[in-house]
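Residue numbers (the working numbering): 284 to 733.
Below you can see the structure in the form of structure tokens.
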């Protein structure tokens with residue numbers, strides 16, 4: 284297949300059609316990943332018990348906290364490569380590819396060290412239930428032992444997205460997910476490895492994904508072709524990636540830190556509530572990734588059009604993506620609210636766990652569209668080349684409010700309940716969205732004037 288068939292020119296033609304063409308494979312990729320992750324949770328919950336289920340679910344905020352910095356750097360790679368691609372700067376595209384892939388290997392090694400040696404101590408500080416802590420620790424050590432493959436895949440797929448290629452990463456994830464499910468059944472049911480089996484299955488499937496995406500880049504015939512002999516940190520490219528990526532990563536880490544605090548509050552209500560919370564997060568993931576596919580599309584579309592200096596088209600991209608995300612968030616969010624009991628019974632048959640999950644979805648599901656439009660605005664600003672502003676707005680508008688809420692209102696006896704924890708989410712999403720939108724409109728006006 285020729286490389287051109289895997290490209291999308293985002294600077295011309297109908298915005299909605301091309302945005303859908305780009306975003307739908309991203310959404311399907313994320314949904315596939317979530318289905319396979321849900322299969323992890325289902326296998327563990329059914330065949331290894333509620334403690335194992337709680338262990339797998341409770342580590343998510345910590346994993347995101349440690350991984351999000353490098354996910355942010357992959358966003359930086361996407362923005363830089365898309366900007367060069369939209370502006371027709373072919374040599375700079377190729378230098379970005381080689382800088383990014385070498386950076387991904389170094390990043391994976393750093394994460395392995397942190398995750399393997401420090402995860403248990405961080406879990407203890409989070410107040411993980413004693414019945415869950417040993418299992419969570421085992422999962423994290425295995426997971427982070429193979430994290431380099433995950434980072435390499437994310438950087439490689441970010442580069443492919445920069446030119447509009449979202450289909451081949453979808454194919455890779457489908458096959459990797461099937462491998463993950465098969466290995467789950469073998470390790471957890473046949474070998475009775477519990478959470479360690481789930482972790483090993485995840486690592487091996489991610490290794491497959493990394494090999495596939497590297498192979499694609501090695502075989503490309505355009506400026507995205509990877510040549511091992513050219514692997515080098517080009518410091519001007521590296522600086523541009525860091526300029527976008529570090530604030531994006533810090534923003535993700537800040538969000539994750541606030542979620543770690545929320546997880547710590549959830550942990551205080553015991554293993555049953557932790558298990559219900561984990562099941563609900565698995566369902567919420569389908570809503571979030573469906574919205575996030577368009578948010579990621581916004582990032583790449585704005586980046587390419589910024590490279591081509593098409594400000595009016597950027598406005599059309601932002602309006603279209605926000606409309607799409609709002610509709611998706613409302614439909615799926617309220618769908619999860621009304622079908623909650625049936626959905627959560629897939630994960631567990633314990634009624635108290637199901638009720639804990641329902642308590643969360645009533646708050647999150649009905650307001651999740653606010654999170655989607657917030658992400659669209661943040662990615663639009665980042666695509667314009669502003670990196671510090673979305674991070675600072677998120678720091679004060681979203682995470683600061685959550686921490687303030689947990690430290691004040693949640694401490695009042697009347698509001699010290701499991702469900703009231705999650706009121707902090709829609710509050711922070713709404714306020715942060717308004718602040719980001721104001722900044723975005725002002726920035727677009729300044730660019731139009733120039």
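Glycine included, each C-beta is placed from N, C-alpha and C at the ideal position.
Contacting residues, own chain, Cβ-Cβ under 6 Å from residue 306 (five flanking each side not counted):
As a first step, residue 306 is located in the chain shown; it is residue number 23 there, counting from the start. Within the same chain, residue 306 has close Cβ partners 576, 577, 580.
With 16 as the cutoff for other CB atoms within 10 Å, does residue 400 come out buried or exposed?
Along the chain shown, read from residue 1 onward, the residue named residue 400 stands at position 117. So residue 400 ends up on the exposed side.
Rounded to the nearest angstrom, what separates residue 301 and residue 600 at their Cα positions?
Walking along the chain shown from the start, residue 301 turns up at place 18. Walking along the chain shown from the start, residue 600 turns up at place 317. Cα-Cα distance, rounded: 10 Å.
Residue 516 vs residue 385 beta-carbon contact at 8 Å
In the chain shown, counting from the first residue as 1, residue 516 sits at position 233. In the chain shown, counting from the first residue as 1, residue 385 sits at position 102. Yes, they are a contact pair.
Using 10 angstroms around the beta-carbon of residue 285, count the other beta-carbons present and answer buried if the total reaches 16, otherwise exposed.
The residue you call residue 285 lines up with position 2 of the chain shown. Unreliable placement is indicated for residue 285, whose pLDDT of 44 sits below 50; the coordinate value is still reported in the next sentence. Under this definition residue 285 is an exposed residue.
Roughly how many angstroms lie between the CA atoms of residue 462 and residue 621, to the nearest whole one?
Mapped onto the chain shown, residue 462 falls at position 179. Mapped onto the chain shown, residue 621 falls at position 338. One C-alpha to the other measures close to 33 Å.
Give me the residue from 408, 391, 438 with the minimum Cα distance to residue 426.
Indexing the chain shown from 1 puts residue 426 at position 143. It is 391 whose Cα lies nearest to the Cα of residue 426.
For residue 588, which residues from the same chain have a beta carbon less than 6 Å from its beta carbon, with the 5 sequence-adjacent residues on both sides left out?
Your numbering for residue 588 matches position 305 in the chain shown. Within the same chain, residue 588 has close Cβ partners 294, 596, 597.
Using a Cβ distance threshold of 8 Å, determine whether the segment 642-656 contacts the segment 698-712, with at least three qualifying pairs required.
yes
What are the boundary residues of the alpha helix (DSSP H) that residue 428 is part of?
Locating residue 428 in the chain shown gives position 145, where the first residue counts as 1. 416-428 is the extent of the alpha helix (DSSP H) around residue 428.
Segments assigned beta strand (DSSP E), at least 3 residues, entirely inside the segment 646-689:
none
With distances taken from CA atoms, which of 429, 605, 403 is nearest residue 418?
Locating residue 418 in the chain shown gives position 135, counting from the first residue. Measuring from the Cα of residue 418, the nearest candidate turns out to be 403.
I believe residue 452 touches residue 312 by the beta-carbon criterion, under 8 Å. Please report the beta-carbon distance rounded to the nearest angstrom.
Here residue 452 corresponds to residue number 169 of the chain shown, with the count starting at 1. Here residue 312 corresponds to residue number 29 of the chain shown, with the count starting at 1. Between residue 312 and residue 452 the Cβ distance is about 6 Å, and since that is below 8 Å, they are a contact.
Check whether the segment 517-536 and the segment 355-371 are in contact - that is, three or more C-beta pairs closer than 8 Å.
yes
Just checking, does the segment 622-631 make contact with the segment 600-613 on the three C-beta pairs under 8 Å criterion?
no
Out of 292, 339, 299, which has the shortest C-alpha to C-alpha gap to residue 565?
For this step, residue 565 is matched to residue 282 along the chain shown. Comparing Cα-Cα distances from residue 565 to each of 292, 339, 299, the minimum goes to 339.
Excluding sequence positions up to five away, which residues of its chain have a Cβ less than 8 Å from the Cβ of residue 381?
As a position in the chain shown, residue 381 is number 98, starting the count at 1. If we look at residue 381 and ignore the five residues flanking it on each side, its Cβ neighbours are 509, 510, 513, 514, 515, 517.
Cβ-based burial, residue 632 [other Cβ within 10 Å; buried from 16]:
Here the question's residue 632 lines up with position 349 in the chain shown. Exposed, by the Cβ-count rule.
Would DSSP call residue 634 helix, strand or coil?
Within the chain shown, residue 634 is the residue found at index 351, counting from 1. Residue state, collapsed to three classes: helix.
Which residues bound the alpha helix (DSSP H) around residue 451?
The residue given as residue 451 occupies position 168 in the chain shown. Its alpha helix (DSSP H) spans residues 450-467.
With three or more beta-carbon pairs closer than 8 Å as the criterion, would you say the segment 657-665 touches the segment 688-700?
no
From which residue to which residue does the alpha helix (DSSP H) around residue 381 run?
Taking the chain shown and counting its residues from 1, one reaches residue 381 at position 98. Counting along the chain, the alpha helix (DSSP H) containing residue 381 begins and ends at 373-408.
State the start and end residues of the unbroken alpha helix (DSSP H) segment that holds residue 624.
Along the chain shown, read from residue 1 onward, the residue named residue 624 stands at position 341. Start and end: 623-627.
Collapsed DSSP secondary structure at residue 342 in the structure displayed
Reading the chain shown from its first residue, position 59 is the one you call residue 342. Of the three classes helix, strand and coil, the one that applies to residue 342 here is coil, per DSSP.
Residue 586 and residue 296 look like a contact to me (Cβ under 8 Å); what is the Cβ gap, rounded to whole Å?
If you number the chain shown from 1, residue 586 lands on position 303. If you number the chain shown from 1, residue 296 lands on position 13. At roughly 17 Å, the Cβ-Cβ gap does not stay under 8 Å, so residue 586 and residue 296 are not in contact.
Alpha helix (DSSP H) segment containing residue 567, residue limits:
In the chain shown, counting from the first residue as 1, residue 567 sits at position 284. Its alpha helix (DSSP H) spans residues 554-590.
Output the boundary residues of the alpha helix (DSSP H) element that contains residue 499.
Here residue 499 refers to the residue found at position 216 of the chain shown. Where residue 499 is concerned, the enclosing alpha helix (DSSP H) stretches over 477-502.
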